[in-house]
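Undergrad: The structure is given below, and queries will be raised subsequently.
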Amino acid sequence: MSSLHGLKTHVTCGVFGDDQSVGGSVVICAIVLAAGRSKRMGAQKLLLPFGGQTVIEHIVDELSASEAVSHIVVVTGADWNAISRALAGRRLVIVNNPEFDSEMLESVRCGLAALPDRCGAMLIVLGDQPAIRCEWIEKLVQLYRRHEGKKIIVPTHDGHRGHPMLIPMRYREELLKRHENAGIRGLLDAHAEDVVKAPWGDDEVLADMDYPRTTRGN
């Protein structure tokens, strides 16, 4: 298990510097999108119980359990204080997106600002996808390395794109400056030839928690 425990810091949104790799091995950094207000759920879904802990704790712990993930950034919004308390004691960086009602792309940009210079690829993770497991990350990273870190790796089921997705940092500037209306979908469409689809046997890569009936846990 990777040692992503014991440190938590806050940073503000900014512009990320040049990306690099270390020792010839690409550093994978996760951006967890946790800025939503959960209006349709009626409660902050990331703080709902799941498997004996909260949804956001479960997701971060699954990422931490992956040997491939070297750095975790959690992008919060209006409920940053409560989410920060839930994640206390874990080694990660928490960024607050001040635009509470902005689209996903703005949170991705906030996450980019907090990534270390050595980061070579970003793993975009939904904060409301509790089905995620560390084995998913390993599968995506293996496929990423098989393509020498030059392709965007996206899990798919029944022809639909899901999450998490792994994107080389060479697309950083494009995400910062373009695709205002389409978001990450715009990036994938613009570089369809660089998108490698990872077929998934079930639809868990498509599932998130928008309504109470979509929530499962124990």
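Counting from 4, one number per residue, gives the positions in the sequence shown under the numbering used here.
Ideal Cβ placement from N, Cα and C applies to all residues, glycine included.
Measuring CB to CB, does residue 168 end up less than 8 angstroms from residue 123?
TA: To locate residue 168, count along the sequence shown from 1; it is residue 165. To locate residue 123, count along the sequence shown from 1; it is residue 120. In this structure, residue 123 does not lie closer than 8 angstroms to residue 168 by Cβ.
Undergrad: Which complete alpha helix (DSSP H) runs does the region 92–161 hold, if anything under 4 residues is left out?
TA: 107–116 and 137–149
Undergrad: Hey, how far is the Cα of residue 205 from the Cα of residue 141?
TA: Translated into the one-based positions of the sequence shown, residue 205 becomes position 202. Translated into the one-based positions of the sequence shown, residue 141 becomes position 138. Going by C-alpha positions, residue 205 is about 17 angstroms away from residue 141.
Undergrad: List the endpoints of the continuous alpha helix (DSSP H) containing residue 58.
TA: Your numbering for residue 58 matches position 55 in the sequence shown. Segment 58–67, the alpha helix (DSSP H) holding residue 58.
Undergrad: Just the C-alpha distance for residue 94 and residue 75, rounded to the nearest angstrom, thanks.
TA: On the sequence shown, position 91 is the one that residue 94 refers to. On the sequence shown, position 72 is the one that residue 75 refers to. A straight-line Cα-Cα distance of about 8 angstroms links residue 94 and residue 75.
Undergrad: Find the nearest neighbour of residue 157 within the set 194, 54 and 180, judged by alpha-carbon distance.
TA: What you label residue 157 is simply residue 154 of the sequence shown in a count that begins at 1. Taking only the C-alpha atoms, the option nearest residue 157 is 194.
Undergrad: Cβ of residue 108 versus every heavy atom of the ligand ADP: is any distance shorter than 7 angstroms?
TA: Of ligands this structure carries none, so the ligand ADP is not represented either.
Undergrad: Assuming residue 77 contacts residue 113 under a Cβ cut-off of 8 angstroms, what Cβ separation, rounded to an integer in Å, is found between them?
TA: Here residue 77 refers to the residue found at position 74 of the sequence shown. Here residue 113 refers to the residue found at position 110 of the sequence shown. Wrong, their Cβ atoms sit about 10 angstroms apart, outside the cutoff.
Undergrad: Throw me the rounded Cβ distance for the residue 134 and residue 80 pair, which I believe falls under 8 angstroms.
TA: Translated into positions along the sequence shown, residue 134 becomes position 131. Translated into positions along the sequence shown, residue 80 becomes position 77. In fact, because the Cβ distance is near 22 angstroms, the residues do not count as touching under 8 angstroms.
Undergrad: Can you name the residues that DSSP bridges to residue 163?
TA: In the sequence shown, residue 163 corresponds to position 160, counting from 1. Bridge partners of residue 163: 160.
Undergrad: For the beta strand (DSSP E) holding residue 201, just list the boundary residues, first then last.
TA: Here residue 201 refers to the residue found at position 198 of the sequence shown. From DSSP, the beta strand (DSSP E) with residue 201 extends over 198–202.
Undergrad: Contact between the region 101–120 and the region 181–200: three or more CB pairs below 8 angstroms?
TA: yes
Undergrad: Is it the case that the Cβ atoms of residue 191 and residue 164 are separated by a distance below 8 angstroms?
TA: As a first step, residue 191 must be located in the sequence shown, where it is residue number 188. As a first step, residue 164 must be located in the sequence shown, where it is residue number 161. Contact flag set, yes.
Undergrad: Select from 177, 30 and 209 the residue whose C-alpha is nearest the C-alpha of residue 111.
TA: Translated into positions along the sequence shown, residue 111 becomes position 108. Here the closest residue by C-alpha is 177.
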